[in-house]
Amino acid sequence: MADQQQQQEMNDVCASGLNLPIGFHFDPSDFEIVNHFIRNKVRNRDYTCTAIGEVDLNKTEPWDLLKEAKMGEKEWYFFYQKDRKYPTGLRVNWATKAGYWKATGKDKKVYKPSKGEEVVLLVGMKKTLVFYKSRAPRGDKTN
91 MADQQQQQEM NDVCASGLNL PIGFHFDPSD FEIVNHFIRN KVRNRDYTCT
141 AIGEVDLNKT EPWDLLKEAK MGEKEWYFFY QKDRKYPTGL RVNWATKAGY
191 WKATGKDKKV YKPSKGEEVV LLVGMKKTLV FYKSRAPRGD KTN
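Counting from 91, one number per residue, gives the positions in the sequence shown under this note's numbering.
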């Protein structure tokens, strides 16, 4: 029952024309992001969400992300379609006009919360990116 209620609340956040009360904070867990928002986006490319913007990280500089953010003060959420560096390759293009994004630290595993004896299920990975001004590998790290 609680899962159905959470699912409905997530759907409400993504409804168009949503009037949110003062003090509302969009603060989904990593599992909720993967299990609800990303899963829906993968299933339907036209899926949109009031709380999550869409950006092309290769055409948007980090200082312009605030204009694309839908909600949030400290954390912003965006849908992003990976851009391949080469059409037939697996490498991702992380470059923008002003610099490049670089993965930093260890990827964080995202698990489905388990209940009792339930098997722990890995549902995704969370990657942290840092932006460097200029060209790789001599870029200057930004904050």
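For glycine and all other residues, C-beta sits at the position ideal for the given N, C-alpha and C.
Three-state secondary structure (DSSP) at residue i?
i      : result
ALA105 : Residue confidence is low: ALA105 scores 47 on pLDDT, short of 50, so the model does not pin down where it sits. Its coordinate-derived value is still stated next. In this structure, ALA105 counts as coil in the three-state DSSP scheme.
VAL240 : Since the displayed the chain opens at 91 and closes at 233, residue 240 lies outside it and no answer follows.
LYS131 : helix
LYS164 : coil
VAL145 : coil
PHE114 : coil
PHE121 : helix
ASP197 : strand
ARG225 : coil
LYS231 : strand
LYS205 : coil
MET91  : Model confidence at MET91 stands at a pLDDT of 49, short of 50, so the residue's coordinates are unreliable and nothing is read from them.
Tell whether a beta-carbon distance below 9 Å holds between residue i and residue j.
i      : j      : result
LYS216 : LYS198 : yes
LEU155 : VAL145 : yes
ASN125 : LYS202 : yes
MET120 : VAL200 : In the sequence as presented, Met is not what sits at residue 120; that position holds Asp. The answer is yes: Cβ separation under 9 Å.
GLY179 : LYS160 : no
ARG225 : ALA185 : yes
Just grab the DSSP bridge partners of residue i for me.
i      : result
LEU180 : Its beta-bridge partners do not exist; DSSP assigns none.
TRP191 : PHE221
ALA185 : TYR190
Next on the checklist: Whether or not the region 111-124 and the region 144-158 are in contact is what I'm after, with contact meaning three or more pairs of Cβ atoms, one per stretch, closer than 8 Å; do they touch?
Outcome noted: no
Checklist entry - Counting Cβ pairs closer than 8 Å, one from the region 116-123 and one from the region 154-174, do we hit at least three? => result yes
Checklist entry - Does the region 214-225 come close enough to the region 187-200 to have 3 or more Cβ pairs within less than 8 Å? => result yes
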